[in-house]
Amino acid sequence: MTGIDFTWLIGGPQGSGVESGANIFSRVCAEMGYQVFGKREFYSNIKGEHSYFAVRVSDTQIHSNLNDVTLMSSFDAETIFRHFDEIIPGGGIIYDSDLEDISTDTVHTLDSPFKERLHQKLESLGKPFTIKSVLEIASDNGVKLYPVSFKSILETLSKETDNPRLKGLVRMYNVISVSLSLGLVKMPPDSLQTAIENIFSKKPEIAKLNQTTSTYSYNYATAKFENFEHQLTGIEKQPNTILVQGFQGTALGKMACGCRLQPYYPITPASDESVFLESNQNLEIFEDEPGSTTVIQTEDEISAIGMTIGSALTGTRSATCTSGPGFALMTEMLGWAGINEVPIVITNYQRSGPSTGLPTRHGQDDLLFSVYAGHGDFPKIVYASGDVEESFYDTGNVFNYADIFQVPVIHLMDKFIASSVVTCKRFDSEKITVNRGKLIEKATENYRRFEFTEDGVSPRSRLGLDDGIFWNTGDESDETGHITEDPVLRIKMMDKRMSRLDLILKEIPDDEKAISFGESEYTIISWGSSKGPIIDAIKKLKDEGISIGFIQIKLLHPFPTEYVKSLIKNSKYIIDIEANHSGQLGKLFKQNVLRDIDYSILKYTGRSMTSSEVYDALKKIIQNKANKREVLSHGA
Amino acid sequence: MALKLADYKTNVHNDWCPGCGDFGIVNAIQMALAEMGVQRDKTVIFSGIGCSGKTSHFINTYGVHTLHGRVLTFAQGAKIANPELTVVAVGGDGDGLGIGAGHFVAAGRRNINMTYIVFDNGVYGLTKGQASPTLKLGEKTKSLPTPNTNYNVNPIGLAVTSGFTFVARGYSYDVRHLKDLIVQAVNHNGLSFLDVLQPCPTYNDINTRDWYAGSDLMEESQKRHSRIYKLEDTDYDPVVHNSTEDEINQKISQSLTKSLEWGDKIPTGVFYKNDSISPYSERLVGNVSNYLENPPAKQKISKNGISNTDISKILDSLKV
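Quick note, the sequences are listed as chains A and B, same order. 168 is the number of the first residue of the first sequence in this note's numbering; add one for each residue after it. 439 is the number of the first residue of the second sequence in this note's numbering; add one for each residue after it.
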């Protein structure tokens, strides 16, 4: 069996329905049994700038995108200018034939650095700066072109259905694009109709209009387009599959594990998670009255974490969700949670920094910042999930860690995960255990919140508990929580809190600290969402007989030095792969494991890694042709 | 057994300066709590940073001494999670109206059922007397190298226009009156604000206890002439009775005008009270009908150590 590995790309101006087009395509493919891995790229902009969605479809498990695009469907000129050279020989471009004469100068959203690079390329080939030129280049490269006038499709359809409104309805272009594509690859048409019905279930009239348009476009493609060698006709469905958006993993995890209050301040790419929580704030509880998640939009991130802490003090599982700039604002409060031993979870969907950086783009930029966040020494946990499915179960775990060890937990996620759409196994909330640690239901006589105990963790009361009165302060305190500046007590209190770091390393099971995907002469260390591209790249190398090890480190602080050491005993070369400039995990690794990184593969364009470029870089390393620092750059 | 005033006091050593106006405020809070007979373990005092920040350690209820400017954020989070709690937040004027001014305004918009007391003395005491937001432009208290270059914040006016629904001013040397105001503030169903004039004997040599008492005006009148007077002794009516837009606007305007009075006559008492604005909890009930019966802090989240939340409907909608 030759495996199916197909990448579809749709692009257009922000606000033109690229995302809903991609949702329809992804859903159809998933419904027809395929594994789907889609990612969205967009500017910091509401309307007009170029956004695109690349959906990879396969008959086996996939964890990343590739460089290669099999079929591009474009209804605007910019998408063609930016992506024409990504389509493989034998692949196709469906495009609006009315665009052929457009030149780069009339596309105002093409920024000058990009335009200069494109112009140089076209000049060297002696071609004018038009759509026609770049399509010629693609065609010369073996790409099949499928021109179609989107305008005339709407005109014909408008006449046939006696619906004059339809004629100028350019926001149907996305559905036309999807339907033409699905027609071209011979996807059974019923699945398309079902998907549209599903997506527009709350707006039946719009659903109907879309269905009419899609049927017409689908039939147009099957009748007029020829000679496309790639087909997606459906395969056997895997049971228990869901099609999930990246931010839904932590959101559903929070619902399941009992997070009942989440304040947040709007920030890309984190807000989607809070909005999803709020949209589903009324919760069904097995054998009990309904529960709820209270989601509060605050005035800033400082307030968000302040409310989170206040809520956590009442015994409520509480979290906030933010991105780098917001997390930066929270750090003073993080120390307060640390010294007062308050269990909170901060979900950080990282993006490219520094400062505002690339606000809608990917980056694993906040690892070292998270490890060192806050002034003074206090215990905390930094934990990173590698994909959506992991993030659901990890969310349950990090709330347990917070409760058991009475520390703030920073759960690192990122933009790559947040704006991906993937198929995965249905989440199983029965696997979410709830361990509240030493949270007490009844206070003993002379209760002291910060009592010295053998394991360094004190029984935890909550605001409102009968006879459980305690005091908190950001100052150093005695066992009751009143201010002290006594030097002897200071040592005892600092030692008590900081002993938590050893306890964490002792109590957290190894398989929650790091995951080994095998060890070899060359072994990769990485964290977070770089996992997906790495897994797909090393699988491809393995198919070629090259074995490369991979250790995904999930507990990043306190660093599980001994366990990581044990996983790389036989590795001769350590390769660090991550999406930031300085190789932050590499530094942390070196500091803790006392071993140098031999090669770094880094990406900081703000675009997520593809497995193709990771594969290429790894291959160079194996062939001894690589620099110590390989920088990846694929992606518009 | 009924609790006595002494039950609301801790034995923590109080290290405020002799003669500090803060003593009157903490006494008034303890007296108010005793008078209302609030349950100690259902009450939380949140405090900010500075001299006033230590208040929570002197009161024998739950006490949360937070961060500079952030006291309202902690307090609101706790009250939303557990609406059963009686929540009182305290802090200095630098804390609430300088570094914390954003939270002050946002809190007003929410109108959560709790009380915020600002210890208003015009200086940053604990850092040795810098100008705070309520110090008037051009004034030079004794440790300032040069006169204050900033215009002052009007705490009463800011509170009224931000949405606080009970706004009053007390004076720390009139403890009984202040206690009465605290009782009213805590009993108010919504966010209540108390601006408490509080002489700092160490760093504010302008608005001293003698100045508030009108000692400097004695020569002319030959008798004691306190600057402080009570609104309730006048025909001023702070209450919104009919909750028509016109009436609310009129009461807001009146309180703003009154808040500008300063100098030889300084009003204390209730400036504004509006019961017709929904408290935040009511707004939450609009979205979650059983929020008050089953708030975040009361919810059972597991059974036998396993999640008890049924997310299957959401998962079904994602199913392919």
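Note that CB positions come from ideal geometry on N, CA and C, so glycine has one too. It should be emphasised that the depicted structure is a prediction, and the values quoted were computed from it without experimental measurement.
- Annotation: the segment 218-266 of chain A contains the following complete segments of the alpha helix (DSSP H) (minimum length 4 residues), in chain order: 244-250.
- DSSP lists Tyr562(B) as the beta-bridge partner residues of Gln568(B).
- The beta carbon of Asn549(B) does not come within 9 Å of any beta carbon belonging to chain A, so the residue lies off that interface.
- By the rule that beta-carbons nearer than 9 Å mark a contact, Phe204(A) does not touch chain B.
- The beta-bridge partner set that DSSP reports for Asp633(B) consists of Val556(B), Arg607(B).
- Boundaries cannot be given for Asn452(B), as no beta strand (DSSP E) includes it and DSSP labels it neither H nor E.
- Taking the Cα of Val236(A) as reference, the smallest distance to any Cα among Ala244(A), Glu186(A), Arg223(A) is reached at Arg223(A).
- Flagged as an interface residue toward chain B: Ala423(A), by a C-beta distance shorter than 9 Å.
- According to the DSSP assignment, Glu208(A) belongs to no alpha helix (DSSP H) but to the beta strand (DSSP E) extending over 202-208.
- The DSSP-derived three-state label of Phe619(A) is coil.
- At a cut-off of 9 Å, the C-beta of Thr417(A) has no neighbouring C-beta in chain B.
- Short of 6 Å from the beta carbon of Ser693(B), and not among the five residues preceding or following it, lie these beta carbons of its own chain, in chain order: Val598, Phe709, Tyr710.
- Nearest CB-CB separation between Lys741(B) and chain A: below the 9 Å threshold.
- Residues of chain B with a Cβ closer than 8 Å to the Cβ of Gln573(A) do not exist, since the nearest Cβ in that chain sits about 16 Å away.
- With respect to the 9 Å criterion, Val352(A) and Leu292(A) are not classified as neighbours on the basis of their beta carbons.
- In this structure, the straight-line span from the alpha carbon of Thr408(A) to that of Glu198(A) is close to 9 Å.
- Scanning chain B for C-beta atoms nearer than 7 Å to the C-beta of Asp467(A) yields Gly540, reported in chain order.
- Using a Cβ-Cβ cut-off of 7 Å, Ala516(B) is close to Gly477, Ser478, Leu480, Thr481, Leu630 of chain A, given in chain order.
- If you compare the alpha carbons of Val195(A), Phe209(A), Tyr210(A) with that of Val203(A), the shortest gap goes to Val195(A).
- Taking 7 Å as the cut-off between beta carbons, the residues of the segment 499-516 of chain A near chain B are Glu499, Met500, Trp503, in sequence order.
- With distances taken between CA atoms, Asn386(A) lies nearest to Ser344(A) out of Ser344(A), Thr611(A), Gly773(A).
- Comparing alpha carbon positions, the residue from Pro521(A), Met497(A), Tyr210(A) closest to Val512(A) is Met497(A).
- Residue pairing from DSSP places Leu410(A) in a beta bridge opposite Thr590(A).
- As the crow flies, the alpha-carbon of Leu698(B) is around 13 Å from that of Ile690(B).
- Scanning Thr380(A), Val301(A), Lys369(A), Lys282(A) for the CA closest to the CA of Thr323(A) turns up Thr380(A).
- Ile644(B) is not a Cβ neighbour of Arg427(A), given a cutoff of 9 Å.
- For Gly520(A), the closest Cβ of chain B is not nearer than 9 Å.
- Within the same chain, and ignoring the five residues on either side of Lys480(B) in sequence, the residues whose Cβ sits closer than 8 Å to its Cβ are Glu522, Leu523, Thr524.
- When DSSP states are grouped into helix, strand and coil, Gly335(A) belongs to the helix group.
- In chain order, Ile636 make up the part of chain A whose C-beta sits under 7 Å from the C-beta of Arg478(B).
- Of all residues in the segment 451-470 of chain B, none has a C-beta nearer than 9 Å to a C-beta of chain A.
- Proximity to Asn212(A) across Gly473(A), Glu267(A), Lys334(A), Arg528(A) peaks at Arg528(A), based on C-alpha coordinates.
- For Asn515(A), the secondary structure class from DSSP, reduced to helix, strand or coil, is strand.
- Fully enclosed alpha helix (DSSP H) runs of no fewer than 4 residues occupy 698-710, 728-734, 751-760 of the segment 687-762 of chain A, in order along the chain.
- About 7 Å separates the Cβ atoms of Leu755(A) and Leu535(A), confirming a contact at the 8 Å cut-off.
- The beta carbon of Ser384(A) does not come within 9 Å of any beta carbon belonging to chain B, so the residue lies off that interface.
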